[in-house]
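Q: Per the numbering used here, the sequence shown starts with residue 340, numbered consecutively.
Beta carbons: idealized from backbone N, C-alpha and C, even for Gly.
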Amino acid sequence: MEQKKEFDDLIVRHLINETIPDEEVKLQQWLGESDDHRKYYEQTERLWELAGVYQPAFTENRESDLKHIEERLTHYPAPRVVSFNKFYRMAAAAAAVLVFAMGVFYLINSRQAASSQKMSFLSADNIVHQILPDGSEIWLNRNSSLTFQYTKGKNRTCILNGEAFFQVMHDSLHPFEIITPSALIRVLGTSFNVKTDGRSNETEVLVSEGKVSLTPAKSNVQAVILPSGAFAKANAHSVIDRKEKFSRMNYLSWKTRILVFRDTPLDSALADIEKCYGIIFDHTGINISGYRLTARYIDEQLPDVIAVLQATLGLSIEFSGGNTYRLNSSEP
């Protein structure tokens, strides 16, 4: 775990051009040790690009005593006379046929049951990672639910409420479908994020790799095809927003566990931290419009994030119950 955190940090610093020569050599040696290392790096790089993180270096604002924070699926025949012995032989034969038929029936049904599976997941307060029977992987964000129906030889179907990231196992004959209250998303094999909003009844899709088709639930129009890097939002009747190249920093932070802020208005930064950690910041009664944040968090624990915010901004942040944190001015 410690080694993973070390290289997560090294990869991120490489992506934003903050590594020194010795660290570049160390990273290249690590990438050359295993195909898994290189695949992990490429996935991280792709998610990083989708998150909208750009390249120039920046200076972090951290106190020296916070350095430890660096560690992060019908005819009747004539009657016949039959002797008792013959009757028993016929009865035995009939019983044998019945037992055979029952055996065949059980075998067929058990095979059908084995080839058809239905499972449901509820994430509550934690992010759920699951490998599905078809080999696809899902990451279910907090307060989300997903039901997966898989019948061998047929389509793979998910019903989603909330948000999830999908890494779909390629199968050109059996599309993977996600049904939300407002849309139908269909793919063959790709990686993408789907977010539903119960209040606005809208669905957002961000494509990481491959292509995805998006169809509003109550629309007769053709599906919208989204290529790699594209984003779209739809309600039950139409696609209301679409971008071929999507760049929104920290959009996937709930999955990547990476947050980057570069002179970001504090209200926007707090919204991203809330989504990443499943919390709420209460700053009623305090004017935060003049505050901006420059910082980077890589798989850090919430208390460490809070500590850095306080030291960087000079604000008091206190736990006030449930999942809420209260911001106060530290000035008398």
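Out of L652, F504, Q367, Y380, state which residue places its alpha-carbon closest to the alpha-carbon of V351.
A: The shortest C-alpha separation from V351 is found at Y380.
Q: Go through the stretch 442-525 residue by residue and report every complete run of the beta strand (DSSP E) that reaches 3 residues or more, in order.
A: For the stretch 442-525, whole beta strand (DSSP E) runs of length 3 or above, ordered along the chain, are 455-461, 467-470, 476-479, 484-490, 495-500, 502-506, 515-518.
Q: Is the stretch 569-577 touching the stretch 605-613 in the sense that three or more CB pairs, one from each, lie closer than 8 Å?
A: Because the criterion of three Cβ pairs below 8 Å is not met, the stretch 605-613 and the stretch 569-577 do not touch.
Q: Starting from L609, follow the alpha helix (DSSP H) in both directions and report where the run begins and ends.
A: From DSSP, the alpha helix (DSSP H) with L609 extends over 605-616.
Q: On the criterion of 16 or more Cβ atoms from any shown chain inside 10 Å, does S655 qualify as buried, or is it exposed?
A: The residue in question, S655, is exposed, as its Cβ has fewer than 16 Cβ neighbours within 10 Å.
Q: Cα-Cα, which of F515, V526, Y489, L461 is closest to E502?
A: For E502, the nearest C-alpha among the options comes from L461.
Q: Going by DSSP, what residues sit across from S668 in a beta bridge?
A: L654.
Q: Are there 16 or more other CB atoms within 10 angstroms of the CB of F658, so buried, or fewer, so exposed?
A: That one is exposed.
Q: Give me, in chain order, the residues of the same chain whose beta-carbon lies closer than 7 Å to that of M508; leave out the 5 immediate sequence neighbours on both sides.
A: Taken in chain order, the residues that qualify are D473, G474, S475, G528.
Q: Per DSSP, what kind of secondary structure is P642 in: helix, strand or coil?
A: Looking at P642 - three-state DSSP - the assignment turns out to be helix.
Q: Taking all protein chains shown into account, decide if T542 is buried (16 or more other Cβ within 10 angstroms of its Cβ) or exposed.
A: Flag for T542 reads buried.
Q: Just to confirm the assignment: which complete alpha helix (DSSP H) runs, minimum length 4, are found wholly within the stretch 565-595?
A: Taking only runs of at least 4 residues, the alpha helix (DSSP H) segments lying wholly in the stretch 565-595 are 592-595.
Q: What's the call for E639, buried or exposed, on a 16-neighbour Cβ count within 10 Å?
A: Result: buried.
Q: Put T358 into one of helix, strand or coil per three-state DSSP.
A: In the structure shown, T358 sits in coil (DSSP, three-state: anything other than H, G, I, E or B).
Q: What is the residue span of the beta strand (DSSP E) that S530 lies within?
A: That run of the beta strand (DSSP E) goes 530-536.
Q: Tell me which residue opens and which closes the beta strand (DSSP E) that L553 is part of.
A: Taken as a continuous stretch (DSSP letters only), the beta strand (DSSP E) holding L553 covers 551-555.
Q: Looking at the structure shown, is L527 part of a helix, part of a strand, or coil, going by DSSP?
A: Note: L527 maps to coil in three-state DSSP.
Q: Could you please give me the residues that DSSP links to V546 through a beta bridge?
A: Partner(s): F531.
Q: My understanding is that L553 touches I524, with C-beta atoms under 8 Å, so please give their C-beta distance in whole angstroms.
A: Rounded, the Cβ-Cβ distance is 6 Å, consistent with contact.
Q: DSSP has V563 in a bridge; who is on the other side?
A: For V563, which the question treats as bridged, DSSP gives the partners L553.
Q: According to DSSP, is E399 helix, strand or coil?
A: In this prediction, E399 scores a pLDDT of 49, lower than 50, which makes its location untrustworthy; the coordinate-derived value is nonetheless stated afterwards. DSSP places E399 in coil when its eight states are reduced to three.
Q: Taking the beta carbon of K572 as the centre, do at least 16 other beta carbons fall within 10 Å, making it buried, or is it exposed?
A: With 16 or more other Cβ atoms within 10 Å, it is buried.
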